[in-house]
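Listed in order, the protein sequences are those of chains A and B.
Throughout, this note's numbering is defined as the position within the first sequence, counted from one, plus 2.
Throughout, this note's numbering is defined as the position within the second sequence, counted from one, plus 23.
Built from N, CA and C at the ideal position, the CB exists for glycine as well.
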Amino acid sequence: MLETAVRDYLRLLLKRRDRKRSLNRLVSFGLFSLGAYFLLLSALLLFGFSLVLFHLLFFAAFSLFPLFFLFEAEVDPLRESVRRIDEDCLLESYLAAGSQEHRSFMISSVRRLLERRAARGEYPFRFSRANAVLAAAAFSLLLLTQALSLITLQSFSPGLSARQFKARLAEREAAREAAGVREGRPPALGFPGQERPEAAGPKASSRSGESRAEAEMRKGLAEEASEPPRIFAGEAPQPGAEAGREWERVLVPLPEAKKDLKALLEAAVRGRADEAGMPGSSEAGSGDSGLGFLESPLKRYLSRPEGIGAGGGRELAPGGEQTEALREQVLGALFSDFQLQAEAPLDFDPLIERIKERYLELLNEKP
Amino acid sequence: MKSLESLLPTLRQPLGLAVGLGLGAGLFFPVSFCERLLGSGILASVLVEEGLKLALFLLLEAAALREPRGRESLYRYPLYAITGFATVENLAYLLRAPTSSIYERLLFAFPIHLNTGLCFALAFLPGRPSLYPAFFLLSLAYHFGLNTLALVLAGTPVLAVGAGNLALTFFLFLKLRAMLIERSLEHAGSPNE
Chain A
3 MLETAVRDYL
13 RLLLKRRDRK
23 RSLNRLVSFG
33 LFSLGAYFLL
43 LSALLLFGFS
53 LVLFHLLFFA
63 AFSLFPLFFL
73 FEAEVDPLRE
83 SVRRIDEDCL
93 LESYLAAGSQ
103 EHRSFMISSV
113 RRLLERRAAR
123 GEYPFRFSRA
133 NAVLAAAAFS
143 LLLLTQALSL
153 ITLQSFSPGL
163 SARQFKARLA
173 EREAAREAAG
183 VREGRPPALG
193 FPGQERPEAA
203 GPKASSRSGE
213 SRAEAEMRKG
223 LAEEASEPPR
233 IFAGEAPQPG
243 AEAGREWERV
253 LVPLPEAKKD
263 LKALLEAAVR
273 GRADEAGMPG
283 SSEAGSGDSG
293 LGFLESPLKR
303 YLSRPEGIGA
313 GGGRELAPGG
323 EQTEALREQV
333 LGALFSDFQL
343 QAEAPLDFDP
353 LIERIKERYL
363 ELLNEKP
Chain B
24 MKSLESLLPT
34 LRQPLGLAVG
44 LGLGAGLFFP
54 VSFCERLLGS
64 GILASVLVEE
74 GLKLALFLLL
84 EAAALREPRG
94 RESLYRYPLY
104 AITGFATVEN
114 LAYLLRAPTS
124 SIYERLLFAF
134 PIHLNTGLCF
144 ALAFLPGRPS
154 LYPAFFLLSL
164 AYHFGLNTLA
174 LVLAGTPVLA
184 VGAGNLALTF
194 FLFLKLRAML
204 IERSLEHAGS
214 PNE
């Protein structure tokens with residue numbers, strides 16, 4: 003049986019060791035989670051995999067937290083602690099002594115040793131070396147994420163979540179596709195040093211209805227990235243409203259990670275070309291190195307008087323806006339597929355139906 | 024051969040971790056199959072899952088009979104397996120319903136599994152198998168009660184109960200560590216140590 007003073011001191015020593023170890027493990031877990039998060043964000047920026055996979059991997063990493071507290075190498079904590087404070091193997095010899103008689107020879111020296119050690123204080127809290135390595139790794143991964151963000155999104159984004167990154171990636175992809183489609187050449191976006199459409203100022207975005215639509219779409223997607231998903235059900239644009247507001251009202255936010263935005267946009271743009279009935283247009287990539295995708299604007303300009311004549315001069319009516327019809331076409335084409343995703347509005351109201359019926363009955367009763 | 028034997032004490036814990044995690048992850052599939060056979064109710068799933076934990080600790084009791092002083096390292100293996108099981112279970116939920124609310128399970132379902140496992144470990148460590156039936160019933164009530172509560176509660180209360188759940192995990196863990204310290208001191212005081 004150990005003497006009470008020795009036992010109490012050893013208990014205190016082991017508790018301190020344990021507290022320090024547990025705190026270090028907690029910090030390790032936090033740093034590990036941060037590192038895993040930044041690593042997955044980097045992978046998301048590089049490979050653009052789905053959010054489900056991102057959360058699956060992050061969740062799996064996060065679920066390992068009990069292991070940080072449970073896992074321990076095969077080390078006897080008492081032996082380790084005793085050897086830490088021991089001098090000339092005195093304490094270890096005392097503990098290893100087979101009988102009380104042997105221990106009584108050593109007890110006075112052991113007490114002196116423990117008093118000296120107790121005054122000094124063992125196991126002060128200090129970050130472990132493993133934590134320093136983990137902190138360095140997490141910081142490096144943060145830098146890597148930001149570097150990748152700068153390359154792919156052309157901006158630093160330290161506060162963005164995976165969902166927002168994904169939305170930004172989709173937005174850039176859409177802008178790249180739109181630019182490629184409009185100009186009939188490989189996309190100009192996504193390469194450092196080149197002018198971005200939004201950076202070119204309002205002049206650039208007001209050059210045509212299409213570039214305005216693109217700018218509005220980009221704006222809508224950016225808003226979507228910072229807000230919870232909304233569904234705009236069946237709200238039609240008002241004819242006299244401000245142009246910018248009109249675009250916003252019909253924007254249906256994309257549930258991210260479920261849409262192949264590229265395919266949707268391609269389909270939408272193809273639909274617009276078909277509706278417009280442009281001769282000589284072809285699908286992206288199917289023509290001669292993409293140059294035959296859109297016909298020359300001069301050709302269209304020359305055929306404009308015929309078009310006005312065929313339309314009965316409707317577009318030149320007082321108060322009408324010449325570009326209005328074209329903008330509606332673009333809008334309809336771009337978002338025709340998306341509107342299918344919106345929830346159908348509740349258009350059946352029993353009271354209204356009853357009033358309608360009664361109204362018709364009254365009409366029939368009229369002589 | 025000699026070098027392998029000298030490496031074995033070093034490798035025992037990492038190997039135990041890998042085997043425990045893998046075993047727990049693998050056990051998820053037969054357990055969910057059994058739950059489906061029993062009707063997929065909360066009580067059925069709680070019975071099967073807690074029964075599995077009890078079985079793991081009873082198997083460990085048999086192993087501890089051969090090595091009475093190995094309990095300090097043996098108690099970890101079922102807890103590794105429980106961690107593997109809970110992780111795979113949560114990932115299955117995430118695949119079934121991919122929403123961010125899955126992170127609530129880290130406060131709710133995950134600590135439930137861990138807490139009941141820690142209770143069994145508290146009975147195993149001092150070598151008192153007579154406590155298993157009581158802890159089994161306690162685990163059943165706790166697991167069933169919280170799962171039912173999760174269905175009733177929504178939003179903030181779930182998080183509040185989850186935070187309490189996690190606090191209980193840390194309390195049980197500290198209790199286990201304190202028990203380990205006492206056992207270590209008992210060994211030091213006994214003759215021929």
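Practice item. Check residue 98 of chain B in the structure and name its three-state DSSP category. Key: coil
Review point. How many Å lie between residue 10 of chain A and residue 16 of chain A at the Cα?
Key: 10 Å
Check your understanding: For residue 112 of chain A, which residues in chain B fall below 8 Å Cβ to Cβ?
Key -> Within chain B, no residue comes near residue 112 of chain A; the closest Cβ sits about 13 Å away, beyond 8 Å.
Check your understanding: Measuring CA to CA, which of B/65, B/168, B/179, B/32 is closest to residue 78 of chain A?
Key -> B/32
Point to revise | Near-chain B residues of the stretch 19-35 of chain A (beta-carbon distance less than 8 Å), N- to C-terminal order | key: The residues in question are 20, 24.
Check your understanding: From residue 58 of chain B to residue 69 of chain B, what does the alpha carbon distance come to, in whole angstroms?
Key -> Roughly 9 Å between the two C-alpha positions.
**Study point:** Which of helix, strand or coil DSSP assigns to residue 43 of chain B
**Key:** helix
Exercise for review: Enumerate in chain order the residues of its own chain whose CB-to-CB distance from residue 80 of chain A is below 6 Å, with the five nearest sequence positions on each side excluded.
Suggested key: none
Exercise for review: Find the nearest neighbour of residue 33 of chain A within the set A/149, A/132, A/177, judged by alpha-carbon distance.
Suggested key: A/132
Point to revise | CB contact below 8 Å: residue 113 of chain B versus chain A | key: yes
Practice item. Consult DSSP for residue 51 of chain A and reduce its assignment to one of helix, strand or coil. Key: coil
Check your understanding: Within 8 Å (strictly less), CB to CB, does residue 204 of chain B reach chain A?
Key -> yes
Point to revise | Whether residue 221 of chain B touches residue 43 of chain B by CB criterion (8 Å) | key: Residue 221 of chain B falls outside the range modelled here, since chain B spans only 24 to 216, and no answer is possible.
Check your understanding: Along chain B, in chain order, which residues have C-beta atoms closer than 7 Å to that of residue 13 of chain A?
Key -> The answer, in chain order, is 204, 208.
Check your understanding: Does the ligand GTP have even one heavy atom less than 7 Å from the beta-carbon of residue 125 of chain B?
Key -> Ligands displayed in this structure: none; no statement on the ligand GTP is therefore possible.
Exercise for review: Would you identify the three-state DSSP class for residue 130 of chain B, choosing helix, strand or coil?
Suggested key: coil
Check your understanding: Given that a residue counts as buried once 16 or more other Cβ atoms are within 10 Å of its Cβ, and exposed if not, what is residue 110 of chain B?
Key -> buried
Review point. Of all the CB atoms in chain A, is at least one closer than 8 Å to the CB of residue 135 of chain B?
Key: no
**Study point:** Straight-line gap, residue 136 of chain B to residue 77 of chain B (C-alpha atoms, nearest Å)
**Key:** Between residue 136 of chain B and residue 77 of chain B, the C-alpha separation is close to 12 Å.
Check your understanding: Helix, strand or coil: how does DSSP classify residue 182 of chain A here?
Key -> Under the three-state reduction of DSSP output, residue 182 of chain A falls in the helix class.
Check your understanding: Out of curiosity, what's the CA-to-CA distance linking residue 60 of chain B and residue 71 of chain B?
Key -> 11 Å
Check your understanding: Is the number of C-beta pairs between the stretch 349-359 of chain A and the stretch 42-49 of chain A that are closer than 8 Å three or more?
Key -> Counting Cβ pairs under 8 Å, fewer than three are found: no touch.
Check your understanding: Are the beta-carbon atoms belonging to residue 191 of chain B and residue 134 of chain B less than 8 Å from one another?
Key -> yes
Practice item. With a threshold of 16 other CB atoms inside 10 Å of the CB of residue 12 of chain A, please say whether the residue is buried or exposed. Key: buried
Check your understanding: At a cut of 8 Å, does the stretch 174-183 of chain B reach the stretch 73-87 of chain B through at least three beta carbon pairs?
Key -> no
Check your understanding: Which runs of the alpha helix (DSSP H), 4 residues or longer, sit entirely within the stretch 125-207 of chain B?
Key -> 132-147, 155-175
**Study point:** Cβ of residue 168 of chain A within 8 Å of any chain B Cβ
**Key:** no
**Study point:** Proximal chain A residues relative to residue 196 of chain B, where beta-carbon distance stays under 9 Å
**Key:** The answer, in chain order, is 24, 68, 71, 72.
**Study point:** Beta-carbon spacing of residue 198 of chain B, residue 129 of chain B below 8 Å
**Key:** no
**Study point:** Interfacial residues, the stretch 165-184 of chain B to chain A, with Cβ spacing under 8 Å
**Key:** none
Check your understanding: Measuring CB to CB, does residue 97 of chain B end up less than 8 Å from residue 86 of chain B?
Key -> yes
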